[in-house]
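So the structure is just underneath, and the comments pick up after that.
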Amino acid sequence: MSSISLMTRRLVIVSATTLLLVATLAAQPLDHTTLAAIREEGLGGSQVMDHISWLSDVYGPRVTGTPAIEQARAWTMERLRAWGLSNVHEERFPFGYGWSLDRFHAHMVEPQVMPIIGYPKSWSSSTDGTVTAEVIRVDIRTAADFDEYRGALGGKIVLPQPEREVRMLEGDLVLRMTDAQLAEASATQVPPPPGRRRRGRAARDGPSFADRLQQFYVEEGVVAVLDRGGDSFMMGAGSGLPYQTQRTDGGTIFVGRGGPRDENAGNLVPAITLAVEHYNRMVRILEKDVPVRVELNVQTTFHAEAAATGQMNAFNILAEIPGTDLADQIVMIGAHFDTTHAGTGATDNATGVAAMMEVMRILQTIGARPRRTIRLALWGAEEQGLLGSREYVRTHFGDRATMQLLPAHDTLSGYFNIDNGSGRLRGIWLQENFAVAPVFERWITSLRDLGVTTLGPRSVSGTDHTSFDAVGLPGFQFIQDRLEYNARTHHSNMDVVDRVQRDDVVQMAVVAAIFAYNTAMRDELLPRTALPRVDR
Ligand SMILES: [Zn+2]
Numbered sequence: 439m440s441s442i443s444l445m446t447r448r449l450v451i452v453s454a455t456t457l458l459l460v461a462t463l464a465a466q467p468l469d470h471t472t473l474a475a476i477r478e479e480g481l482g483g484s485q486v487m488d489h490i491s492w493l494s495d496v497y498g499p500r501v502t503g504t505p506a507i508e509q510a511r512a513w514t515m516e517r518l519r520a521w522g523l524s525n526v527h528e529e530r531f532p533f534g535y536g537w538s539l540d541r542f543h544a545h546m547v548e549p550q551v552m553p554i555i556g557y558p559k560s561w562s563s564s565t566d567g568t569v570t571a572e573v574i575r576v577d578i579r580t581a582a583d584f585d586e587y588r589g590a591l592g593g594k595i596v597l598p599q600p601e602r603e604v605r606m607l608e609g610d611l612v613l614r615m616t617d618a619q620l621a622e623a624s625a626t627q628v629p630p631p632p633g634r635r636r637r638g639r640a641a642r643d644g645p646s647f648a649d650r651l652q653q654f655y656v657e658e659g660v661v662a663v664l665d666r667g668g669d670s671f672m673m674g675a676g677s678g679l680p681y682q683t684q685r686t687d688g689g690t691i692f693v694g695r696g697g698p699r700d701e702n703a704g705n706l707v708p709a710i711t712l713a714v715e716h717y718n719r720m721v722r723i724l725e726k727d728v729p730v731r732v733e734l735n736v737q738t739t740f741h742a743e744a745a746a747t748g749q750m751n752a753f754n755i756l757a758e759i760p761g762t763d764l765a766d767q768i769v770m771i772g773a774h775f776d777t778t779h780a781g782t783g784a785t786d787n788a789t790g791v792a793a794m795m796e797v798m799r800i801l802q803t804i805g806a807r808p809r810r811t812i813r814l815a816l817w818g819a820e821e822q823g824l825l826g827s828r829e830y831v832r833t834h835f836g837d838r839a840t841m842q843l844l845p846a847h848d849t850l851s852g853y854f855n856i857d858n859g860s861g862r863l864r865g866i867w868l869q870e871n872f873a874v875a876p877v878f879e880r881w882i883t884s885l886r887d888l889g890v891t892t893l894g895p896r897s898v899s900g901t902d903h904t905s906f907d908a909v910g911l912p913g914f915q916f917i918q919d920r921l922e923y924n925a926r927t928h929h930s931n932m933d934v935v936d937r938v939q940r941d942d943v944v945q946m947a948v949v950a951a952i953f954a955y956n957t958a959m960r961d962e963l964l965p966r967t968a969l970p971r972v973d974r
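For the sequence shown, this note's numbering gives the first residue as 439, with consecutive numbering after it.
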């Protein structure tokens with residue numbers, strides 16, 4: 439080895455060290471004193487389960503436009519004010535009719551007595567008190583089938599679906615992400631060739647077949663429509679996760695919407711989803727030409743816009759910790775406040791709401807002094823299509839339809855959302871914002887002990903961060919262990935406090951608080967992607 443090459447190597451070593459030193463100096467240090475205080479208060483003094491129990495046990499379910507969600511709002515705003523948060527207020531927006539369930543019971547009374555497990559669909563109309571009616575199986579697939587049943591359905595309860603196979607619980611029920619699943623989440627998927635892509639629904643003229651069928655039931659004088667819900671195996675829609683989870687059945691019922699909330703609210707036949715096993719039993723009896731009769735009572739209330747409170751039926755709740763030298767810039771955190779109706783909205787989404795409320799409580803309790811203003815948003819009417827967050831983004835930041843932007847668009851550093859159940863945060867989806875990756879990579883380095891390890895490049899949808907993403911603002915959803923979300927709790931009657939995993943939700947709040955605080959303390963705003971184009 440010549441002396442020259444030794445010299446060269448030493449030079450190389452020196453310059454590498456210098457580069458590292460420069461890089462370290464250039465990166466703004468994290469405020470580890472405050473981050474440690476967040477951990478101590480968040481892990482040691484957590485109040486998340488108390489928030490969840492109030493929101494779910496006492497005020498749940500929190501369906502938009504109901505007295506219950508107004509009670510939950512009053513409790514939440516009182517609590518936010520009690521913590522000393524600033525600018526606690528609500529922002530209302532139009533929604534249509536709210537809906538609540540007053541009474542429900544159903545029994546098969548012939549050929550044998552069986553109490554039926556079931557739930558009316560949301561926005562279902564009422565029966566005329568307690569009614570007893572013959573049950574018939576109908577098989578109407580196209581409008582051509584109407585003639586076969588015309589005049590035969592009056593005064594009947596109909597079963598429109600065939601028997602569904604109920605499988606043993608052999609599939610995955612609990613999604614606690616493995617190392618392999620986290621590795622999959624951190625990789626970009628190559629999309630299928632164009633020919634195999636799913637097409638959007640073709641534009642059509644006039645009402646859909648489903649709408650015409652509902653109208654046919656009304657015209658024929660059907661008493662009620664019973665169904666047994668969807669299939670046993672589900673993919674998490676929009677979750678970014680390709681894993682199939684088995685739904686639990688066995689008395690767990692996933693219940694959807696059963697009517698409109700506009701001026702036609704209440705005009706359809708009452709609709710009830712039953713436990714699949716009870717539905718199947720009636721189908722099998724009918725196939726033997728043995729008559730089935732059911733006694734049924736559905737009582738529901740439609741809450742007219744402005745009737746309950748003298749104001750519009752939907753709202754977002756806002757609260758702030760004011761910033762210091764960069765106070766006119768904003769970091770937002772949020773979760774949707776409303777729920778579906780069959781459970782108490784514990785994992786969808788009292789867990790997210792409680793974690794984000796807890797972020798504010800922790801920061802306030804430790805006396806954090808963020809440079810930027812940290813703003814909490816608890817969204818209304820997410821379950822009807824992200825209505826609250828869309829309205830907020832449209833009125834504060836910009837219109838996704840025209841891409842006409844408002845001045846505040848320049849001041850939002852980032853928005854962080856939680857809405858995937860009760861499980862701990864394992865990382866964050868980048869929403870294809872690759873410039874933000876090194877920033878988050880540095881933050882999660884000190885969160886590995888809490889299980890936060892993964893940056894997922896892909897864009898995920900289905901909840902309120904997409905309202906921000908749609909106008910080119912950095913809106914993020916955390917990667918979360920779904921636990922029983924897909925299998926048991928999401929939009930089901932078993933979305934209850936007993937399915938909340940306390941230690942996971944405690945972790946959620948600490949991690950979200952650290953992301954919010956780090957975002958508020960950076961010299962720069964978070965990097966953004968290019969603005970979306972306007973579709974014309
Ligand atoms: Zn949700």
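Heads up, the beta-carbon is just placed ideally off N, CA and C, and yes, glycines get one too. Remember, it's a predicted structure, so these values are computed and weren't measured experimentally.
Which residues are close to ligand 1, meaning CB closer than 5 Å to any heavy atom, in chain order? D786, N787, D857
Determine the burial state of G659: buried for a count of at least 16 other Cβ atoms within 10 Å of its Cβ, exposed for fewer. The residue is exposed, with fewer than 16 neighbouring Cβ atoms inside 10 Å.
Count the other CB atoms within 10 Å of the CB of G805; is the residue buried (16 or more) or exposed (fewer)? exposed
Own chain residues within Cβ distance below 7 Å of W513, not counting five before or after: Excluding its 5 nearest sequence neighbours in each direction, W513 has C-beta neighbours in its own chain below 7 Å: W492, Y497, listed in chain order.
Beta-carbon proximity check, K594 vs T711, cutoff 8 Å: no
How far does the alpha helix (DSSP H) with Q682 in it reach, from first residue to last? Taken as a continuous stretch (DSSP letters only), Q682 belongs to no alpha helix (DSSP H), being part of the beta strand (DSSP E) at 682-684.
In the DSSP output, what is R731 paired with across the bridge? E548, E572
Identified DSSP bridge partners for A773: L816
Is Q918 buried or exposed, if buried means 16 or more other CB atoms sit within 10 Å of its CB? buried
So, helix, strand or coil for Q842, using DSSP? In the structure shown, Q842 sits in a strand (DSSP, three-state: E or B).
Should A581 go down as buried or exposed, given a rule of 16 or more other Cβ atoms within 10 Å for buried? exposed
Tell me H779's beta-bridge partners as DSSP assigns them. According to DSSP, residue pairing for H779 in a beta bridge does not occur.
For V693, which of helix, strand or coil comes out of DSSP? coil
What does the alpha-carbon distance come out to for the pair A719 and T565? Checking the sequence, you will find Arg at residue 719 rather than Ala. Rounded to whole angstroms, R719 to T565 spans 23 Å at the Cα level.
Y717, DSSP secondary structure in three states: helix
Contact defined as beta carbons within less than 8 Å: I believe V547 pairs with V576. What is the distance between those atoms, to the nearest angstrom? 20 Å between Cβ atoms; not a contact.
Inter-stretch contact at 8 Å, needing at least 3 Cβ pairs: the segment 684-696 / the segment 600-619: yes
Along the chain, where does the alpha helix (DSSP H) that runs through Y853 open and close? Element bounds for Y853: not the alpha helix (DSSP H) but the beta strand (DSSP E), 850-855.
Report yes if the C-beta distance between G694 and A752 is below 8 Å; otherwise report no. no
Simplified DSSP assignment, three categories, for D786: helix
Beta-carbon contacts of G534 that lie in its chain and below 6 Å, excluding the five residues immediately before and after: R699, D700
Where in the segment 884-929 do unbroken runs of the alpha helix (DSSP H), each at least 4 residues long, occur, reported from the N-terminal end onward? 903-907
Ordered along the chain, which non-local residues of its own chain (more than five positions away) have a Cβ less than 6 Å from that of V972? The beta carbon of V972 is closer than 6 Å to those of M841 in its chain, skipping five residues each way along the sequence.
4 or more residues per run - each alpha helix (DSSP H) lying fully within the segment 511-564: none
Let's see if you can read the secondary structure: which residues bound the alpha helix (DSSP H) around T471? 470-482 is the extent of the alpha helix (DSSP H) around T471.
With a CB to CB cut of under 7 Å and the five nearest residues on each side skipped, what residues in its chain are close to A792? V486, H489, I490, L493, V943
Backbone CA spacing between A474 and A784 [nearest angstrom]: 29 Å
Apart from the five residues on each side of it in sequence, which residues of its chain come closer than 8 Å, Cβ to Cβ, to A951? I476, G480, E796, V797, I800, L801
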